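Student: I'd like to ask some things about the structure below.
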Amino acid sequence: MRGFRSLTPIEDAVKILGKHISHRVEEVEEVGLISALGRVCGEDVYSPIDSPAYDRSAVDGYALIAEDTFGASSTNPIRLKVIGRAETGAIPSDLPIVSRGEAAEIMTGAPIPPGANAVIRVEHVRRMEGFIEVEDQVAPLQNVSRRGEDYRRGEIVLRKGWVIKPWHVGALASLGIGRLKVLRRIRVALLSTGEEVVELGSRLKPGQVYDSTKPMLMALLSSYGAAPIDLGLAPDDPEIIAEKISRGVEEADMVIVSGGTSVGERDLVPEAVSRAGRIVVHGLAIRPGKPIGFAISSGKPIFMLSGFPVAALVGFQALVVPAIERILGCAFDPPPRVRGKLTRRISSPPGIRTYVRVRIFKDEDGEVMIEPLRVTGSGVLSTLTRGNGLLIIPEDLEGYDEGSEVEVELLSPIFEGG
23 MRGFRSLTPI EDAVKILGKH ISHRVEEVEE VGLISALGRV CGEDVYSPID
73 SPAYDRSAVD GYALIAEDTF GASSTNPIRL KVIGRAETGA IPSDLPIVSR
123 GEAAEIMTGA PIPPGANAVI RVEHVRRMEG FIEVEDQVAP LQNVSRRGED
173 YRRGEIVLRK GWVIKPWHVG ALASLGIGRL KVLRRIRVAL LSTGEEVVEL
223 GSRLKPGQVY DSTKPMLMAL LSSYGAAPID LGLAPDDPEI IAEKISRGVE
273 EADMVIVSGG TSVGERDLVP EAVSRAGRIV VHGLAIRPGK PIGFAISSGK
323 PIFMLSGFPV AALVGFQALV VPAIERILGC AFDPPPRVRG KLTRRISSPP
373 GIRTYVRVRI FKDEDGEVMI EPLRVTGSGV LSTLTRGNGL LIIPEDLEGY
423 DEGSEVEVEL LSPIFEGG
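Using the working numbering, count along the sequence shown one by one with no gaps and you end on 440.
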């Protein structure tokens, strides 16, 4: 088997990738607010109104004139006459008018009655028949949410390129915005290669395996809001592979080919990819995933990922996600991280960034423990389903000793107990 001439560090590969991708998704579509979740905002969004639209109470209590409470104390309580009640949803003409020496009972979120300029919490007054006694001084505007405090009319709420989160949906709804322009979904064509790979639903023959990598990649793409296009399976024929890749370049914004990416005689993907585009990087200084690479055609990336699921996952996170961000002009949240103590020593070859599948759990004392999974094969999916994180060992380290405190990427919740 021929080896790689050189291996590219992952940071360099990402920079090279960004410089070569010129294709962009710019088409927008209008969707309902709930359907916008996870999509990329297609334009700057401005508030059409002041929010809140009026001064309102931030607490349950009594609306009053702050100056009436100046000098109030436990030895000098101030008595105020209760003249009415301000409820949530009340219209201004129904609100009592507060004058000096008066107060109005008020609910959280209710409009501040005319004349009042502060609210005292209900637990800070002594209630009497028709009156309240105040022993605490209240500052003007205390416990008052001012008109436009959340958003002023014309203020920017969302920027183009932001990924819509649930709290964005809530903010837009509070402003009466029910529809939103978002970028169309990025289209990603996927192709699996290999004579031994068969589609789900087929009967396995000796020497055959089900295609697990492509479904996993399609699920990953969907989680990033992409629209996967299934190009099916291709046999070990560079002409057929190249034809399918070219079709993918025409129909999609990027192409992912899994399997056959190494440098063995039957690994024909690099040859086929070179017919459909120009190979820019082939061979990364990572483990698993060394044979990963990418080409460019019409400004669009063509990724060569391993046919082994774990290596393909590493390649997806390392290269495909940055490419999606580049094409959409957005940034996704990085995976959450957690620190813990390593249960055993783990080694890594120098000059290689190693991704180790780990199980993260809390011991009996509540301490976070990081257990490297012993299975080393990059095609063993059980290391992902049994584990819940990735430990990334940088190129300048040869591993970590048992008991070392390390930081890992969290893929799923931490297990309780060993």
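C-beta atoms are modelled at their ideal positions from N, C-alpha and C, and glycine is treated no differently.
These numbers were taken from a predicted model, which means no experiment stands behind them.
#1: Closer than 8 angstroms is the cut-off here; do at least three beta carbon pairs connect the stretch 252 to 259 with the stretch 295 to 304?
#2: Would you check if the stretch 83 to 103 and the stretch 118 to 131 touch, i.e. whether three or more CB-CB distances between them fall below 8 angstroms?
#3: Pick out the complete alpha helix (DSSP H) segments inside the stretch 314 to 364, 4 residues or longer, and give them in chain order.
#4: Buried or exposed: where does N98 fall if 16 or more other Cβ atoms within 10 Å of its Cβ makes it buried?
#5: Going by the CB atoms, is the gap between R309 and P357 shorter than 9 angstroms?
#6: Between L433 and the rest of its own chain, which residues show a CB-CB distance below 6 angstroms, the 5 nearest in sequence each way excluded?
#7: What separation, rounded to the nearest whole angstrom, lies between the Cα atoms of M280 and G311?
#8: Take every Cβ of the stretch 169 to 183, pair it with every Cβ of the stretch 102 to 115, and state whether three or more of those distances are shorter than 8 angstroms.
#9: Between the alpha carbons of A274 and L327, how many angstroms are there, rounded?
#10: With a Cβ-Cβ cutoff of 9 angstroms, do A35 and F316 count as a contact?
#11: DSSP on P135, reduced to helix/strand/coil?
#12: Residue range of the alpha helix (DSSP H) that D252 falls in?
#13: Roughly how far, in whole angstroms, is the beta-carbon of K203 from the beta-carbon of E52, given that I think they are within contact range, below 8 angstroms?
#14: Can you list, in chain order, the residues of its chain with a C-beta nearer than 8 angstroms to that of F153? Leave out the 5 residues immediately preceding and following it.
#15: For a quick check, are the C-beta atoms of L59 and V191 less than 9 angstroms apart?
#16: Can the beta-carbon of I87 be found less than 9 angstroms from the beta-carbon of R122?
#17: Between A241, L212, S96, E265, which has its C-alpha nearest R148's C-alpha?
#18: Assign V448 to one of three DSSP states: helix, strand, or coil.
#19: Between which two residues does the alpha helix (DSSP H) containing R297 stretch?
#20: Which first and last residues belong to the alpha helix (DSSP H) in which V36 is found?
Tutor: The short version:
#1: no
#2: yes
#3: 331 to 337, 343 to 350
#4: exposed
#5: no
#6: N410, G411
#7: Note that residue 280 corresponds to Ser in the displayed sequence, not to Met. If I take the Cα positions, the gap works out to 11 angstroms.
#8: no
#9: 17 angstroms
#10: yes
#11: coil
#12: Element bounds for D252: not the alpha helix (DSSP H) but the beta strand (DSSP E), 249 to 256.
#13: 5 angstroms
#14: R101, L102, K103, V104
#15: yes
#16: yes
#17: S96
#18: With the chain represented from 23 up to 440, any question about residue 448 goes unanswered, as that position is not in the structure.
#19: 291 to 298
#20: 32 to 42
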